[in-house]
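*Asks:* I'd like to ask you about the structure that follows.
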Amino acid sequence: MAQSARIGFSQEQKAELWQRWKNGDTLSEIGRALGKHAASVFAILVARGGFAPVARRRKVGALTFAEREEISRSLSSGRSVRQIGRDLGRAPSTISREVSRNGGRLVYRASRADDQAWARARRPKPCALARNPELCALVAAKLSEQWSPQQIAGWLKAEGHAATISHETIYKSLFIQSRGVLDKAVLSHLRSRRIMRRGRTATTAGQTRGQIIDAVSIHDRPAEIEDRTQPRHWEGDLLNGSKNSHIATLVERSSRFVMLVKLRGKDSNSVIRALKARVRRLPKGMMASLTWDRGTELAYHAKFTAATSVNVYFCDPQSPWQRGSNENTNGLLRQYFPKGTDLSAYSQRDLDEVAHRLNTRPRKSLGYQTPEDTMKRNVALTG
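For the sequence shown, UniProt numbering begins at 1 and goes up steadily by one.
In structure tokens:
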């Protein structure tokens, strides 16, 4: 079960990523198009605050690669700096500085000199707010008063303030924290509460993100489920891998018996379809309830309940302890599926084998009995 290597984004992939973001694609859509995890896409976007980097271009008048090639060949043939400058129509001082800053006549190479010049050109210019501390303090104060960046920019212009600024520049200073001019805490005063900029055509219409339809809270779960004495009550979640791959993990609360389910995708329809197929293979009545994380992969839980008669309950946001058996089991599964593993490479038979290994390992919480034996005993006692 090898762990996959971490492979970054090529320049072509980054260009496509930013174009798709500008066009309004979601993180998941971009990830699927590039064969990357949505979290990797998010990391690139959030580092730039959602603003695409400006395409780099050489300064007008800078030496070109062709000119550097000519300098390299001329130096090899013994020509002087003045002769090279005359041939290229450049001042001798320009040639002299170029050669000296790249190792001198004996080691000068065009490709290395050009690469170093390109690297030296990456000197970030301080933004407008960094150059004007008084304006920066004024903008920060207005943001703290819940003024929007557009209101601030418009007010500065209308008041005839000595220094003005565009609302886009304010957003960049907020979202691109590497600029270091506006405190990140000021973000909480923005009405949208966003952490990065979105394209004009971006929309969440038709998406189920953040929406679990008619969710039933864990607090409405029957009391007999709480004490773990009754079998047939399960907890579930997704285990995530590389390349946007996932498997569903199901754990029976009283016995810690685990089932693993191969998934074709993380969307609610794919997850519900896979869970229904798996649960239908269980003896009738073996699963009476399922407590799930707050993830929207179970947004269409009503379809699952209608097909299986299994009631679904949802934990509170950011409360993994409310399904502690499942959290603990997911931790044990990392022994078999380390972080960074491509889970799509495993068949359902492979997953069943891993589940069998866990179910036949003695557990301290069960008095060193195995989940498999405990499940059989509990079902027999209540059957």
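Where is the CB? At the ideal position from N, CA and C, for every residue including glycine.
#1: Distance, Cα to Cα, THR204 vs GLU224?
#2: Is the beta carbon of THR291 closer than 9 Å to that of VAL258?
#3: Taking C-alpha atoms, which residue in ALA130, GLU159 and LYS14 lies nearest to ALA55?
#4: Can you grab the Cα-Cα spacing for the pair SER245 / GLN146, in whole Å?
#5: Looking at the secondary structure, which residues open and close the alpha helix (DSSP H) in which residue 391 lies?
#6: Measuring alpha carbon to alpha carbon, tell me which residue in CYS127, ASP316 and VAL60 is nearest ILE176.
#7: Less than 9 Å separating the beta-carbons of GLY331 and SER242?
#8: With DSSP collapsed to three states, give me the class of ALA248.
#9: Between CYS136 and ILE44, what straight-line distance do the alpha-carbon atoms span, to the nearest angstrom?
#10: Taking Cβ to Cβ, would you say SER255 is nearer than 9 Å to PHE314?
#11: Would you please state the rounded distance, in angstroms, between the beta carbons of LEU239 and THR249? I believe it to be under 8 Å.
#12: What does the alpha-carbon distance come out to for the pair THR208 and SER173?
#13: Could you tell me how far apart the beta carbons of ASP114 and ARG68 are, in whole angstroms, since I believe they sit closer than 8 Å?
#14: Let's test the definition: count the other Cβ atoms within 10 Å of the Cβ of SER319 and tell me whether it reaches 16, buried, or not, exposed.
#15: Roughly how many angstroms lie between the CA atoms of MET196 and ALA66, to the nearest whole one?
#16: Write down every uninterrupted run of the alpha helix (DSSP H) in the region 130-196 whose length is 4 residues or greater and which is fully enclosed by it, in chain order.
#17: Looking at the secondary structure, which residues open and close the alpha helix (DSSP H) in which ASP342 lies?
#18: Is DSSP giving ASP72 helix, strand or coil here?
#19: Could you check how far apart the C-beta atoms of ILE71 and ALA110 are, in whole angstroms? I think they sit under 8 Å.
#20: Do THR169 and LEU143 have their beta-carbon atoms positioned less than 9 Å apart in this structure?
#21: Check the C-beta distance from ARG228 over to ARG253 and give it rounded, since I have them as a contact under 8 Å.
#22: Which residues in the same chain have their Cβ closer than 7 Å to the Cβ of ARG82, if we skip the five residues on either side of it in sequence?
#23: According to DSSP, what are the bridge partners of residue 389?
#24: For PRO317, which residues in the same chain have their Cβ closer than 6 Å to its Cβ, ignoring the five residues on either side in sequence?
#25: Considering only the beta carbon of each residue, do VAL251 and THR329 sit closer than 9 Å?
#26: Could you check the C-alpha separation between LYS59 and ALA121 for me, to the nearest Å?
#27: For a test of the three-state rule: what should DSSP assign to ARG363, helix, strand or coil?
#28: Going by other Cβ atoms of all chains shown within 10 Å of its Cβ, with 16 needed for buried, is LEU106 buried or exposed?
#29: So if DSSP puts PHE314 in a beta bridge, which residue, or which two residues, is it bridged to?
#30: For ALA5, I'd like the list of residues in its chain whose CB is within less than 7 Å of its CB, leaving aside the five on either flank, ordered along the chain.
#31: In the structure shown, what three-state DSSP assignment does VAL261 receive?
#32: Three-state secondary structure (DSSP) at ASN378?
#33: Report the option in ARG20, ALA38 and ILE272 whose CA atom is closest to the CA atom of LEU27.
#34: Taking only the alpha-carbon atoms, compute the straight-line gap between SER100 and ALA52 and give it to the nearest angstrom.
#35: Would ILE272 pass as a contact of HIS301 if the rule is Cβ separation under 9 Å?
#36: Quick one: complete alpha helix (DSSP H) runs, 4+ long, within the region 6-60?
*Replies:* Reading from the atomic positions:
#1: For THR204, the predicted model reports a pLDDT of 46, less than 50, meaning its position is unreliable; a value from the coordinates is still stated below. Computed Cα separation, rounded: 39 Å.
#2: The answer is no: Cβ separation not under 9 Å.
#3: The residue from ALA130, GLU159 and LYS14 with its alpha-carbon nearest to that of ALA55 is LYS14.
#4: Take the alpha-carbon of SER245 and the one of GLN146: they are about 41 Å apart.
#5: With the chain represented from 1 up to 383, any question about residue 391 goes unanswered, as that position is not in the structure.
#6: Taking only the C-alpha atoms, the option nearest ILE176 is CYS127.
#7: Contact: no.
#8: Correct three-state label for ALA248: strand.
#9: Counting only the Cα atoms, ILE44 lies some 26 Å from CYS136.
#10: No. Outside cutoff.
#11: Confirmed, Cβ separation roughly 5 Å.
#12: Its pLDDT being 45, under 50, THR208 is placed unreliably in this model, and the coordinates cannot settle the point.
#13: Sure, about 5 Å apart at Cβ, within 8 Å.
#14: Looking at its Cβ environment, which holds fewer than 16 other Cβ atoms inside 10 Å, SER319 is exposed.
#15: When rounded, the distance between both Cα atoms is 40 Å.
#16: Taken in chain order, the complete alpha helix (DSSP H) segments of 4 or more residues contained in the region 130-196 are 133-144, 149-158 and 167-175.
#17: It is not in any alpha helix (DSSP H) - ASP342 carries neither H nor E in the DSSP assignment.
#18: The amino acid occupying residue 72 in the given sequence is Ser; Asp does not appear at that position. Here DSSP, grouped into helix, strand and coil, assigns SER72 to helix.
#19: Between ILE71 and ALA110 a beta carbon distance of about 7 Å is seen, short of the 8 Å cut, so the two are scored as contacting.
#20: Contact: no.
#21: The Cβ separation is near 5 Å, so the contact holds.
#22: Taken in chain order, the residues that qualify are PRO92.
#23: Nothing can be reported for residue 389: it is not among the residues displayed for the chain, which extend from 1 to 383.
#24: Closer than 6 Å at the Cβ level, and outside the excluded window around PRO317, lie ARG294.
#25: Taking a C-beta distance under 9 Å as the contact criterion, VAL251 and THR329 qualify as a contact pair.
#26: So the two alpha carbons sit approximately 9 Å from each other.
#27: Strand, per DSSP.
#28: With a 10 Å radius around the Cβ and a threshold of 16 neighbouring Cβ atoms, LEU106 comes out exposed.
#29: Per DSSP, SER217 and TRP292.
#30: With a pLDDT of only 42 at ALA5, under the threshold of 50, the placement of this residue in the model should not be trusted, and no figure is reported.
#31: Of the three classes helix, strand and coil, the one that applies to VAL261 here is strand, per DSSP.
#32: In the structure shown, the three-state DSSP call for ASN378 is helix.
#33: If we check each option's Cα against that of LEU27, ALA38 comes out closest.
#34: Looking at the two C-alpha atoms, the distance is approximately 36 Å.
#35: Yes; because the gap between Cβ atoms is below 9 Å, this pair is in contact.
#36: Complete alpha helix (DSSP H) runs here, min 4: 11-23, 27-34 and 38-47.
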